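Q: Can you read through this structure? Questions will come right after.
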Amino acid sequence: MKDFKNSYLFFILIFLTLILFLFDLSVGSVSIPISDIHAALIGGEINETSRNIILNIRLVKALVAVLAGAALSVSGLQMQTLFRNPLAGPYVLGISSGASLGVAIFLLGAPWFGISTTAFSPGIAGAAWIGSAFILVFIGIVAQRIKDIMVILILGMMFSSGVSAIVQILQYLSHDESLKSYVIWTMGSLGDVTVSQVPVLLFGVMGGLILAFIGVKPLNQLLLGEEYAVTMGMNIRKSRGILFLSTTLLTGTVTAFCGPIGFIGLAMPHVTRMIFDNINHRILIPANIFTGASILLLCDIISKVWVIPINAITSLFGIPIIIFIVLKNKAFA
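Position 214 of the sequence shown, counting from 1, maps to 1237 under my numbering, and the rest follow consecutively.
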């Protein structure tokens, strides 16, 4: 009976994701009928302007929304299980701070050396990814020496605070144009990924998701604590390494290309658990892929209608969910 319920819920989520994906293609400053969208997708007759808008702008943005939503949601699930903390998110290890530092150095520091940058240069994605990768190396070194997972979490938070201080100094010393570019990046955007960058984004996200599926068994064992997992034969360092690498690939890649997008990774795992009433990660990981993708598609649609940054919409969705989770846990404390 439960398998039938899960199959039914998966069918609804997949159908909802497809509907929102097609609707996202139709929404924008230029009105395009569904018939033209269908023609563009199957290679039918359509005027060249509409074809370019659909295939080179809206389709790319919708694909980015699917990949980003899935990546952030799954990485949030992994962090909540690994740290056994319902308020842990994909950025708890300082990955976002590392990406922010890379972008800050690129955008705010480049003018000091006479290097011209634009608000959405491909160099931003590279700088963010390098910053995220630096954090991964730091975490890997710490994880090899420290067994207590909460100590790693605290060190990650302290490192984030230190990075934030450096970024504030760079902001204070930067030129107005560079500062504006950096502020725009921090708002998050799904529309700055080009057609040529999509394969790189896809490669990073798919690599992270594959590692997440490899880590299903360790995640299920960690539900009862690290000591229990070790008695069941789990290699704690190897499993941590897989989960850290997966989270860094997922979060770091999305942050590099889209900027920091808040609350999706923090809120969606809770929504998925409530929908499926299940703690098995064999169910939760694929379920989070579709819940994250569908919600970020919906946020993208709303952001285009209201013409406001995507981060504002994800916050409006995520904050009530987090408040509910906090109050719920307090009620059972």
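Glycine included, C-beta positions come from ideal geometry on N, C-alpha and C.
What you are looking at is a predicted structure, and each value in this text was computed from that prediction instead of being measured.
#1: Over what stretch of residues does the alpha helix (DSSP H) that includes PRO1241 continue unbroken?
#2: Residues in its own chain within less than 6 angstroms of LEU1039 by CB, not counting five upstream and five downstream?
#3: Do GLN1101 and LEU1266 have their beta-carbon atoms positioned less than 8 angstroms apart in this structure?
#4: Taking the straight line between their C-alpha atoms, what separation do you get for ASP1026 and PHE1236?
#5: Helix, strand or coil for VAL1050? Go by DSSP, reduced to three states.
#6: With DSSP run on the structure shown, which of helix, strand or coil describes PRO1283?
#7: Among the residues of its own chain, which have a CB less than 7 angstroms from the CB of GLY1211, if the five just before and after it don't count?
#8: Between VAL1190, PHE1129 and GLY1121, which has its C-alpha nearest VAL1160's C-alpha?
#9: Is the Cβ-Cβ distance between LEU1321 and VAL1089 less than 8 angstroms?
#10: With a Cβ-Cβ cutoff of 8 angstroms, do ILE1158 and LEU1130 count as a contact?
#11: Do the CB positions of PHE1286 and SER1326 come within less than 8 angstroms of each other?
#12: Under 8 angstroms between the Cβ atoms of VAL1228 and LEU1273?
#13: Please report the Cβ distance between ALA1150 and GLY1125, rounded to the nearest whole angstrom; I am assuming they are in contact, meaning their Cβ atoms lie under 8 angstroms.
#14: Just reading off the alpha helix (DSSP H) that TYR1195 is part of, what are its end residues?
A: According to the structure shown:
#1: Looking at the DSSP string, the run of the alpha helix (DSSP H) that includes PRO1241 is 1239–1245.
#2: Around LEU1039: SER1317.
#3: Contact check for LEU1266 against GLN1101 passes: the beta carbons are separated by less than 8 angstroms.
#4: Rounded to whole angstroms, the separation of the alpha carbons of PHE1236 and ASP1026 is 19 angstroms.
#5: It is coil, neither helix nor strand.
#6: In this structure, PRO1283 counts as coil in the three-state DSSP scheme.
#7: Result list for GLY1211: CYS1281, GLY1282, PRO1283, ILE1284, PRO1332, ILE1333 and ASN1334, in chain order.
#8: Ranking the options by Cα distance to VAL1160, first place goes to GLY1121.
#9: If you check the CB distance, LEU1321 and VAL1089 do not come in under 8 angstroms.
#10: No.
#11: It is not a contact, given that the beta carbons lie outside the stated cut-off.
#12: Yes, Cβ-Cβ distance for VAL1228 and LEU1273 is below 8 angstroms.
#13: ALA1150 to GLY1125, Cβ: 4 angstroms. Contact.
#14: Annotation: the continuous alpha helix (DSSP H) that includes TYR1195 extends over 1172–1196.
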